[in-house]
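Please read the structure below before turning to the comments.
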Amino acid sequence: RDVIAASNILLLQLEIPLDTVLAAIRIARDAQVRVILDPAPAVHLWPEELLQVDLLCPNESEAATLSGATVGNLEDAAHAAGLLHERGARNVALTLGEHGTMFCNGRDTTLIEPFSVSTVDTTAAGDAFAGALAVCWSETNDLRQAVRFANAAGALAASRLGAQPSMPTRTDILALL
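Heads up: the sequence shown runs through residues 37 to 213, numbered per this note's numbering.
This is the structure we're talking about:
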């Protein structure tokens, strides 16, 4: 509880027990700590409270599962991001791999452009994206800048083989930006 309350941002995913995730969200909300949720693995039936986060970061298949909408192109992605915002997510960053990230904050929905790299292994791209996003948002308080930074991190991770070895450094990310 104290660690969460002393944090700037809490980054969660669904690979730990759901009750733990919900408790962490409640603690963070009570302490006015921003919450980022990477809803992986997404399931069809889940508490609406999971959507009550500052930033929801699904990929295409997770967004389709959570919104009930097809995500086959950029227009579909914008629609799904809007639906997830309407259901409670304050902001949505729907990752689209080589197509970038559809960002929705309730005022507008825009595509944050991708970085062009030769894809080698996408295993750690989502984790690199989420970690870089949390760091940059915590440091800058500029969510659009953080999504762009995260896009660069995800692209760099996808351009390398393996999970841990593919994680980019801040220097790597800044060089790509």
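Cβ coordinates follow ideal geometry from the N, Cα and C atoms, glycine included.
Item	Value
T131 - partner residues in DSSP beta bridges	N95 and T137
Closest Cα partner of P83 within the set V153, G124 and L91	G124
Best match in A105, A67 and S154 for proximity to L130 [C-alpha to C-alpha]	A105
Assigned secondary structure, L86 (DSSP; H/G/I helix, E/B strand, else coil)	helix
Endpoints, alpha helix (DSSP H) assigned at D163	A161 to T176
Close beta carbons around S43, own chain, < 6 Å, minus the five adjacent residues each side	V69
Of the listed residues D90, R196 and E98, nearest to L132 (C-alpha basis)	E98
L86 versus C93: straight-line alpha-carbon distance, rounded	12 Å
Pairwise C-alpha distance: L119 and R180	19 Å
Exposure of P75, with buried meaning 16 or more beta-carbon neighbours within 10 Å	buried
Minimum C-alpha distance to V121 - residue among E134, M138, S174 and R62	Going by the sequence as given, residue 121 is His instead of Val. Comparing Cα positions, the closest option is M138.
Buried versus exposed, by CB contacts within 10 Å (16 or more), L110	exposed
Same chain, Cβ closer than 6 Å to T234, five either side skipped, listed in chain order	With the chain covering 37 to 213 only, the question about residue 234 has no answer from this structure.
Cα-Cα separation between F165 and L192, rounded to whole angstroms	10 Å
Alpha-carbon spacing of I63 relative to T146, whole angstroms	31 Å
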